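One structure is given below, encoded as structure tokens.
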Amino acid sequence: MTPPDSGDPAACFQPSYRVSRERLLEAAHALSARHPVLVDSRSIAPRGPEGETLALDWACFGARRPRHALVLSSGTHGVEGYTGSAIQHHVLANVLPRLALAPDTALVIQHANNPYGFAWHRRVNEDNVDFNRNFRERFDPTQCPADYEALYDCLNPTDLDAARETGRWARIDAFIAEHGLRRFQQAAVEGQYRYPAGMQFGGHAQAAGTRHLLALVREHLRDAQTVIWLDFHTGLGDFGACELITGAPIADAGYAFSQQVWSDGVKSAAGGESVSTPLNGLLDRGLAAALPAGARFAFAYPEYGTWEPMRVIRAMRADNWLAHHGDRGDATGRAIETDMLEAFRPDSRDWERRVVASGAALVAQALARLPGAKR
Ligand SMILES: [Zn+2]
3 MTPPDSGDPA
13 ACFQPSYRVS
23 RERLLEAAHA
33 LSARHPVLVD
43 SRSIAPRGPE
53 GETLALDWAC
63 FGARRPRHAL
73 VLSSGTHGVE
83 GYTGSAIQHH
93 VLANVLPRLA
103 LAPDTALVIQ
113 HANNPYGFAW
123 HRRVNEDNVD
133 FNRNFRERFD
143 PTQCPADYEA
153 LYDCLNPTDL
163 DAARETGRWA
173 RIDAFIAEHG
183 LRRFQQAAVE
193 GQYRYPAGMQ
203 FGGHAQAAGT
213 RHLLALVREH
223 LRDAQTVIWL
233 DFHTGLGDFG
243 ACELITGAPI
253 ADAGYAFSQQ
263 VWSDGVKSAA
273 GGESVSTPLN
283 GLLDRGLAAA
293 LPAGARFAFA
303 YPEYGTWEPM
313 RVIRAMRADN
323 WLAHHGDRGD
333 ATGRAIETDM
343 LEAFRPDSRD
353 WERRVVASGA
363 ALVAQALARL
373 PGAKR
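Residue numbers (the working numbering): 3 to 377.
Put into structure tokens, the structure is as follows:
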């Protein structure tokens, strides 16, 4: 196997979900000479575009049932997994071969939380569900923000007829002129539980992937006392910039611990500190509830900026139209898929280098705070 890194961080980016997964499994095998390795793969029913298995892969290096663990996860928002997995491949090639771990400590690569979206270049999963709005105990099928209801037809067109589209965008522009871009962003991405074919659907039940991830955490982290977790995202913020976001309220103990781990600080979406607006059903809240009582839990979503918000929202809106009304195989479908990829994984070597370097620095800070890890 050729290591994915040959001095250039951009080389950590993989050409597809399938190749990324294969390289992860190869690297895990190769690293078994240095660390105890456990791989727990949980597959979902659909297949990828090449017929490949789609799975959440928990690759644990070090203690089988750790007291102290750093978890790096990717692909919560499918297509954003190109970036998270690039950082994971950097760690596999450059950090794990040199890392010393105490017998009660582990580093976990959790590859592709939403493998369907990663493989098919969507942000949502196989049920059109936003994985990061799906971590709830109860689902209320009437829950939907009033602004989303008001803009439903504009956000979720059933056709791309030019005249009708002009009218819809005029209504969106009028909404932004009256209420501001941030309130439009809130309406578009906050999450809704009413319309399964609409953008930002949070689900009517926990998705298979959600249940798999929570089961992996309950099983493998049941003895954990310290858990530090990074879940990598893209699509929000300035090009190549990083913001660390958490769903934890400012009063939460995990919020304070997260501030200690990452020197630049973590911003609470719930507390209104972040470029992200407050959101529903977040993964980190689900994980916090699944971990043993009393475990110290530091969590951050590193969010890497790509293009301006309206370009990203336009790509997501078109992708949702394509999934329900279009054809992925025709010219329009291919163009929409290309725009989706560009919105969440810009075709820029400079951008790639910046995000891999940033991810590596965040991992180094986390390892410095993890008991039992020595670089
Ligand atoms: Zn995301």
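Every residue, glycine too, gets a C-beta built ideally from N, C-alpha and C. A quick note: this is a predicted structure, and the numbers were derived from the prediction, not measured.
C-alpha distance - residue i paired with residue j, whole-angstrom precision
i    : j    : result
A368 : W264 : 7 Å
R140 : F203 : 14 Å
C62  : H222 : 9 Å
G86  : L284 : 18 Å
A88  : V97  : 13 Å
D7   : H92  : Unreliable positioning characterises D7 in this predicted model, as indicated by a pLDDT of 45, which lies under 50. A coordinate reading is not provided.
E305 : S278 : 9 Å
A320 : A35  : 47 Å
R124 : V81  : 5 Å
P5   : R20  : Unreliable placement is indicated for P5, whose pLDDT of 47 sits below 50; no coordinate value is reported for it.
A179 : V357 : 33 Å
G2   : G119 : What the structure shows of the chain is the stretch from 3 to 377, and residue 2 is not part of that stretch, so it cannot be assessed.
G331 : G50  : 15 Å
A199 : L72  : 36 Å
A258 : E192 : 25 Å
A29  : R347 : 23 Å
L289 : R138 : 11 Å
S327 : P147 : The sequence shown places His at residue 327, not Ser. Their Cα atoms are separated by approximately 24 Å.
E245 : G267 : 9 Å
A13  : D233 : 21 Å
D286 : P251 : 11 Å
G211 : L40  : 19 Å
Residue i Cβ short of 6 Å to ligand 1 heavy atom set
i    : result
E344 : no
E82  : yes
H235 : yes
H79  : yes
For residue i, the first and last residue of its enclosing beta strand (DSSP E)
i    : result
Y303 : 298-307
A47  : 39-49
F141 : It is not in any beta strand (DSSP E) - F141 carries neither H nor E in the DSSP assignment.
A333 : Here A333 belongs to no beta strand (DSSP E); instead the alpha helix (DSSP H) covers 333-346.
A121 : From DSSP, A121 is part of no beta strand (DSSP E) but of the alpha helix (DSSP H) over 117-122.
D132 : Per DSSP, D132 belongs to no beta strand (DSSP E) and is neither H nor E.
V97  : It is not in any beta strand (DSSP E) - V97 carries neither H nor E in the DSSP assignment.
Boundaries of the alpha helix (DSSP H) in which residue i is found, first to last residue
i    : result
C14  : Segment: none, C14 is in no alpha helix (DSSP H) and carries neither H nor E.
V175 : Sequence check: residue 175 is Asp here, not Val. That run of the alpha helix (DSSP H) goes 164-181.
L284 : L284 -> no alpha helix (DSSP H), and no H or E assigned at all.
W264 : Note, W264: premise wrong, no alpha helix (DSSP H); not H, not E.
T85  : 83-92
S276 : Segment: none, S276 is in no alpha helix (DSSP H) and carries neither H nor E.
D155 : 154-157
H327 : 311-327
S22  : 19-33
L369 : 351-371
is_contact[residue i, chain B] using C-beta, thresh 7 Å
i    : result
V191 : The chain labelled as chain B is not found in the depicted structure, where only one protein chain is given.
Residue ranges of each beta strand (DSSP E) within the stretch 195-254, 3 or longer: Every beta strand (DSSP E) stretch that sits fully inside the stretch 195-254 and reaches 3 residues is listed by chain position as 228-233, 235-241, 244-248.
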